[in-house]
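If you read the sequences in order, they're chains V and Y.
Sequential numbering of the first sequence, starting at -6, is according to the working numbering.
Sequential numbering of the second sequence, starting at 6, is according to the working numbering.
Here a beta-carbon is modelled for each residue, glycine too, at the ideal position from N, C-alpha and C.
For clarity, every value in this text was computed on a predicted model and none was experimentally measured.
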Amino acid sequence: MPVLLFAEASEGVFKKPIFEAATFAYDLAQKLGTDLQAVTVGPVDAAAATGLGAYGVSKVHQVLGDSFVNAAFASAVAKVAESIDAKAVVMAQTYNGRAIAPRVAVKLSAAALSGLITVPDPAAGFDTTRMAYSGKGVEELKVNADQMVITVKTNGYKVEEHPVATTLVEVSNFSSNDVDAVALELIKAAEGISLTEAETVVSAGRGMKGPENWAMIEELASLLGAATACSKPVSDMDWRPHHEHVGQTGIQISPTLYIAIGISGAIQHLAGVSSSKNIVVINKDPEAPFFKIADFGIVGDLFDVVPQLIASLKSRVG
Amino acid sequence: MLKILVCISHVPDTTTKIQFEGDGSKLNKTGVTFIINPYCEYGLSRAIGFQEEGKKVAITALCVGGPEVEPTLRRALAIGADDAVRINADATDAGFVAKQIANYCNGKEFDVIFTGKESIDFNGSLVPGMLAEYLESSFVSYATHMDIADPESMTAQVKREVDGGEEVMEVPLPAVISCQKGIAEWRIPNMRGIMGARKKPLSVVSPNESLELVATVQFSYPPAKGNCQYFQPEDVSKLVDSLTNKGLV
Ligand SMILES: Cc1cc2nc3c(=O)[nH]c(=O)nc-3n(C[C@H](O)[C@H](O)[C@H](O)COP(=O)(O)OP(=O)(O)OC[C@H]3O[C@@H](n4cnc5c(N)ncnc54)[C@H](O)[C@@H]3O)c2cc1C
Ligand SMILES: Nc1ncnc2c1ncn2[C@@H]1O[C@H](COP(=O)(O)O)[C@@H](O)[C@H]1O
């Protein structure tokens, strides 16, 4: 019973969350003493598919065709999972992964586990943990099923390579008669680093006073190769675009480094960022709640600290 | 007439203090404020929006939960749902919850089933997709916009968030739509709504037999943080040193 990775392609190639899921899936396969295979759905670059071998994938099942929506994706993944009797189906917690995983779980009568950051232990009845109640608790879970469908939290698992030889096989005769929504058009977000995938995020709040002051946040972000984010009131007032809003009602992220500038650290904001691995807080109020979960802090005026930070980084780059 | 079901989960308010029973088996509910999951409230607001656009709609709010969730359903009635249903079972495993809702929907011919994109207690984001699969209906996840230009046509125009942008979709009804910010604005119930909510029907139905494939073993607290290393504002370069040493910049 192999482990099956759903390798979701974006424009024919794979992005970082897929490699994180692949590493997770490989580690699970090792614990189970089985091999790792992958399924791709839709058009995929041949070199990219073979390249999955670097992450321990020994066989890639390619379901070809070009017009798939969620239901058909789920049918295709489930079909391959059934054909190889997969013990677990692993995918990245991308938007598509989140939509597809629950459907695959129902098709396979498998247990669904979302947003995992640790590999379930077969020796302990597949026990695993997830965060609960906005990061205020940890829940230990037990799986009472023979099969599992897992999504791996973006930025939640470190990518490692385990090169093996890989073969590509085409899945022929796949047809879907699923009823589903039809995508008419994709409105692309502005180019830039994706917030959920970014290793470093520079985020700013109402302490910035107004949208005209954001140039330094963008400069800092570009020096660090970081994505930019903001608190809810900032996007509510249209100082920044809505897709930058992080927190309970915005996007949840877990970058390696989160720099919070002029953000108080209200619990609803923390709900979206508290799983960041390192947090830097710059705030003039020593009592700001954000300092309680910070790793590094500066109590000071951001209009003074941020330009210094930029200068210091620039002097190092050269 | 558009028949709309709004699936509501009953969750602790984010600002509430979280404590577990001594043995870690479950949440200690004493003193905890429970609310309508904010994403479900977007769905409820969108449903009421259809009514305001002059469409004929019937809105049912549904929650899988014990008697303690009834105040949350009453609040949904106060905001504007016409009737409420409680499926009398503890909501634990997502598959179990989705199955119960699907059973309830059987034969009721809902045109639109709104859910939140996720519940803020466990952020599972599993119930909506599982429900769509059980119902074999179309499904749009993470919807940011929805119109039904012509109810006779049995199609909806929906936008959803995807990696790298937004997708414009044409959706055959019935459909499960999981909602997030953008699809509607939250509404505060008025006095008339609150008074009227008491008289609206809230029925309790029994759950069907169904397996739970994922179970809680135990809750614990995350390791405490709180050893923030401080730097003086004039020592910014020392902060950069520390970040460099940890390989962060
Ligand atoms: C149901 C609900 C959901 C919510 N969801 C979210 C969410 O998803 N995300 C979110 O962010 N919020 C959310 N909120 C709002 C949240 O409660 C806070 O109001 C919000 O996060 C505050 O944003 P802020 O920190 O930018 O602003 P403020 O709270 O106004 O804080 C500004 C901070 O800037 C500091 N400051 C000011 N001037 C300077 C200066 N010159 N130099 C340095 N520091 C300075 C101040 O000391 C202060 O700490 C939600 C609220 C509710 C009720
Ligand atoms: N116990 C429940 N009763 C009714 N609807 C629920 C319940 N749990 C989850 N849902 C619905 O499913 C959505 C996503 O929840 P979850 O999969 O738990 O993150 C919620 O926003 C609700 O619309």
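Gln23(V), DSSP secondary structure in three states:
Translated into positions along the first sequence, residue 23(V) becomes position 30. It is helical.
Worksheet entry | Contact set between Cys233(Y) and chain V, taken where Cβ atoms lie within less than 9 Å | What you label residue 233(Y) is simply residue 228 of the second sequence in a count that begins at 1. Chain V residues near Cys233(Y): Ile272, Val274, Phe284, Lys285, Ile286, Ala287, Asp288, Phe289 and Gly290.
Margin query: Considering just the uninterrupted stretch of the beta strand (DSSP E) at Lys135(V), what are its terminal residues?
Written below: Taking the first residue of the first sequence as position 1, residue 135(V) is located at position 142. Run containing Lys135(V): Gly130 to Val136, per the beta strand (DSSP E) assignment.
**Request:** Answer yes or no: the CB of Lys61(Y) versus the heavy atoms of ligand 1, is any distance below 8 Å?
**Result:** The residue labelled residue 61(Y) in the question sits at position 56 within the second sequence. No, the beta carbon of Lys61(Y) sits no closer than 8 Å to any heavy atom of ligand 1.
Item checked: Contact set between the region 206 to 221 of chain Y and chain V, restricted to residues whose Cβ is under 7 Å from the partner -> Listed by position along the chain: Glu217, Leu218, Val219, Ala220 and Thr221.
>> Can you confirm whether the region 18 to 36 of chain V touches the region 53 to 68 of chain V when touching is taken to mean that 3 or more C-beta pairs between the two stretches lie within less than 8 Å?
In response: Enough Cβ pairs lie closer than 8 Å, so yes.
- Query: Relative to chain V, which residues along the region 167 to 191 of chain Y have a C-beta separation below 9 Å, given in chain order?
  - Reply: Flagged, chain order: Val167, Asp168, Gly169, Gly170, Glu171, Glu172, Val173, Met174, Glu175, Val176, Pro177, Ala180, Ser183, Gln185, Lys186 and Gly187.
(message) Output needed for Ala96(Y): all residues of its chain with C-beta closer than 6 Å, excluding positions within five of it in sequence on either side, in chain order.
(response) Within the second sequence, the letter at position 91 stands for residue 96(Y). Counting only residues of its own chain and dropping the five nearest sequence neighbours on each side, Ala96(Y) has a CB closer than 6 Å to the CB of Val69, Gly70 and Val102.
Quiz item: Can you give the Cα-Cα distance for Tyr48(V) and Arg199(V), rounded to whole angstroms?
Solution: As a position in the first sequence, residue 48(V) is number 55, starting the count at 1. As a position in the first sequence, residue 199(V) is number 206, starting the count at 1. Distance between the alpha carbons of Tyr48(V) and Arg199(V) is about 43 Å.
- Query: What residue range is occupied by the uninterrupted beta strand (DSSP E) comprising Thr20(Y)?
  - Reply: As a first step, residue 20(Y) must be located in the second sequence, where it is residue number 15. Premise fails: Thr20(Y) is in no beta strand (DSSP E) and is neither H nor E.
Worksheet item: Going by the C-beta, is Leu266(Y) closer than 8 Å to any heavy atom of ligand 2?
Response: Any question about residue 266(Y) goes unanswered here, given that chain Y covers just 6 to 254.
Q) Is any beta-carbon of chain V found at less than 9 Å from that of Arg285(Y)? A) Chain Y is shown only over 6 to 254; residue 285(Y) falls outside these bounds and no answer can be derived.
_Please report the distance separating the alpha-carbon of Lys8(Y) from that of Asp278(V)._
As a working mapping, residue 8(Y) is identified with position 3 in the second sequence. As a working mapping, residue 278(V) is identified with position 285 in the first sequence. Looking at the backbone, the Cα of Lys8(Y) and that of Asp278(V) are separated by about 51 Å.
Do you know whose CA, among Val132(Y), Val117(Y) and Val167(Y), lies nearest Ile153(Y)'s CA? Translated into the one-based positions of the second sequence, residue 153(Y) becomes position 148. Taking only the C-alpha atoms, the option nearest Ile153(Y) is Val117(Y).
request  = With 9 Å as the C-beta to C-beta threshold (strictly closer), list the residues of the region 157 to 172 of chain V near chain Y in chain order.
outcome  = Taking 9 Å as the Cβ-Cβ cut-off against chain Y, the residues of the region 157 to 172 of chain V that qualify are Asp171 and Val172.
Neighbourhood of Met201(V) by C-beta distance below 8 Å, restricted to the same chain and skipping five residues each side: Reading the first sequence from its first residue, position 208 is the one you call residue 201(V). For Met201(V), where only same-chain residues beyond five positions count, the Cβ hits under 8 Å are Trp207, Ile210, Val227, Trp232, Ile254, Gly255 and Leu295.
Give a single yes or no on whether Ile93(V) has its beta carbon closer than 8 Å to a heavy atom of ligand 2.
-> The residue given as residue 93(V) occupies position 100 in the first sequence. Between ligand 2 and the CB of Ile93(V), the shortest heavy atom gap is not smaller than 8 Å.
Same chain, Cβ closer than 8 Å to Thr27(V), five either side skipped, listed in chain order | As a first step, residue 27(V) must be located in the first sequence, where it is residue number 34. Close CB contacts of Thr27(V) within its chain, under the 8 Å cut and outside five residues either way in sequence, are with Met(-6), Pro(-5), Val(-4) and Lys80 (chain order).
- Item | Beta-carbon neighbours of Ile125(Y), restricted to chain V and to distances below 8 Å | Residue mapping note: residue 125(Y) aligns to position 120 of the second sequence, counting from 1. The contacting residues are Ser127, Gln241 and Ala264.
Note to self: ligand 2 and Val102(Y): does any heavy atom of the ligand fall closer than 8 Å to the residue's C-beta?
What the structure shows: Residue 102(Y) sits at position 97 when you count from the first residue of the second sequence. Because some heavy atom of ligand 2 lies under 8 Å away, the Cβ of Val102(Y) counts as near it: yes.
(message) Beta carbons nearer than 7 Å to chain V: which residues of the region 37 to 52 of chain Y have them?
(response) Here the close residues are Pro43.
Original post:
What first and last residue would you give for the beta strand (DSSP E) that runs through Cys223(V)?
Top reply: Counting from 1 along the first sequence, the entry for residue 223(V) is found at position 230. For Cys223(V), the enclosing beta strand (DSSP E) covers residues Ala220 to Cys223.
Would you check whether ligand 2 has a heavy atom nearer than 8 Å to the C-beta of Cys110(Y)?
Stepping through the second sequence from its first residue, residue 110(Y) is reached at position 105. No; taking the cut-off as 8 Å, the Cβ of Cys110(Y) has no heavy atom of ligand 2 nearer than that.
DSSP state of Val112(V) mapped onto helix, strand, coil
Taking the first sequence and counting its residues from 1, one reaches residue 112(V) at position 119. Reduced to three states, the DSSP call for Val112(V) is coil.
- prompt: Is Gln105(Y) close to chain V, meaning its C-beta is less than 9 Å from at least one C-beta of that chain?
  reply: Here residue 105(Y) is taken as the residue at index 100 of the second sequence, counted from 1. Proximity of Gln105(Y) to chain V, defined by a Cβ-Cβ separation below 9 Å, is not satisfied.
(request) Could you tell me whether the Cβ of Val298(V) comes closer than 9 Å to any Cβ of chain Y? (result) In the first sequence, counting from the first residue as 1, residue 298(V) sits at position 305. Val298(V) counts as touching chain Y.
Would Gly35(V) count as contacting chain Y if we go by Cβ distances under 9 Å?
Sequence index remark: in the first sequence, residue 35(V) carries index 42 (1-based). So no, Gly35(V) is outside the interface.
| Hey, does Leu21(V) have any beta-carbon neighbour from chain Y nearer than 9 Å? | Looking up residue 21(V) in the first sequence gives position 28. Not flagged as an interface residue toward chain Y: Leu21(V), since no C-beta distance is shorter than 9 Å.
| field | Residues of the region 130 to 144 of chain Y with Cβ closer than 8 Å to any Cβ of chain V, in chain order | value | Those residues of the region 130 to 144 of chain Y that come within reach of chain V (Cβ to Cβ, closer than 8 Å) are Ser130, Leu131, Val132, Pro133, Gly134, Met135, Ala137, Glu138, Tyr139, Glu141, Ser142, Ser143 and Phe144.
Exercise. Flag His155(V) as yes if its beta-carbon sits less than 9 Å from any beta-carbon of chain Y, otherwise no.
Key: As a first step, residue 155(V) must be located in the first sequence, where it is residue number 162. So, not an interface residue.
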